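Here the structure comes first, spelled out in structure tokens, and everything after it is commentary.
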Amino acid sequence: MRIKAEKISAAVAQLCIEANRMLPDDVCAALAKAAETEESPVGRQMLSSLMENARIARTEQMPICQDTGMAVVFVELGQELKVEGDLYEAINAGVAKGYTDGYLRKSVVRHPLDRVNTGDNTPPLTSSN
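What follows is the structure, given as structure tokens:
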């Protein structure tokens with residue numbers, strides 16, 4: 011089986027946007043359950059704020075948090091899968107597109123000492139096996 015690098019880039023871009031805008035349903039359910047059992051009024055208010063923020067992020071297509079962090083990509087490829095193109099270049103291109111098209115905060119620097127921002131949140135941390 012073959013897959014084009016461009017298809018990987020497109021999937022990574024979409025996932026970068028979704029991961030920053032949509033809290034998974036099980037996490038939303040866990041927040042709601044925690045709010046029901048929380049005894050502290052301040053704790054309940056904080057949980058309520060988190061749930062409201064997640065709702066707004068999903069409906070308004072905005073990041074859940076203003077600091078969208080650094081992308082971490084875990085890759086598992088089957089033995090029979092062949093990538094047409096460079097896998098890591100495809101992942102980098104997808105992260106750059108996702109963070110640019112999704113208007114996500116770019117916070118990655120090229121080198122920790124000179125602190126020059128890469129402008130597209132690349133490179134991501136990538137782990138594959």
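Residue numbers (our numbering): 11 to 139. We put the beta carbon where it would ideally sit given N, CA and C, even for glycine. From a predicted model like this one, the values you see are computed outputs, not experimental measurements.
In whole angstroms, what is the alpha-carbon distance linking V118 and N127?
-> Counting from 1 along the sequence shown, the entry for residue 118 is found at position 108. Counting from 1 along the sequence shown, the entry for residue 127 is found at position 117. Distance between the alpha carbons of V118 and N127: 6 Å.
Run the CB neighbour count on C75, radius 10 Å, all protein chains shown included, and call it buried at 16 or more, exposed below.
-> One-based indexing of the sequence shown puts residue 75 at position 65. By the 10 Å Cβ count, C75 comes out exposed.
Can you name, in chain order, every residue of its own chain whose Cβ lies under 7 Å from the Cβ of N30, other than the five neighbours on each side?
-> Position 20 of the sequence shown, counting from 1, holds the residue named residue 30. Closer than 7 Å at the Cβ level, and outside the excluded window around N30, lie P73, I74, T78, G112, L114.
Status (buried if at least 16 other CB within 10 Å, exposed otherwise) for G104 = One-based indexing of the sequence shown puts residue 104 at position 94. Buried, since its Cβ has 16 or more Cβ neighbours within 10 Å.
So does the stretch 92-102 actually touch the stretch 47-65, counting three or more Cβ pairs closer than 8 Å?
-> no
Can you say whether G129 is buried or exposed, counting buried as having 16 or more other CB atoms within 10 angstroms of its CB?
-> Walking along the sequence shown from the start, residue 129 turns up at place 119. When all chains shown are included, G129 counts as exposed.
Proximity below 8 Å, CB of T136 to CB of V93 | Your numbering for residue 136 matches position 126 in the sequence shown. Your numbering for residue 93 matches position 83 in the sequence shown. Cβ atoms of T136 and V93: not closer than 8 Å.
Nearest to Y40 by alpha carbon, out of L91, L60, R120?
-> On the sequence shown, residue 40 is found 30 positions in, with the first residue counted as 1. Note that residue 40 corresponds to Ala in the displayed sequence, not to Tyr. Comparing Cα positions, the closest option is L60.
Do you know how far the Cα of R120 is from the Cα of D96?
-> The residue labelled residue 96 in the question sits at position 86 within the sequence shown. The residue labelled residue 120 in the question sits at position 110 within the sequence shown. One C-alpha to the other measures close to 21 Å.
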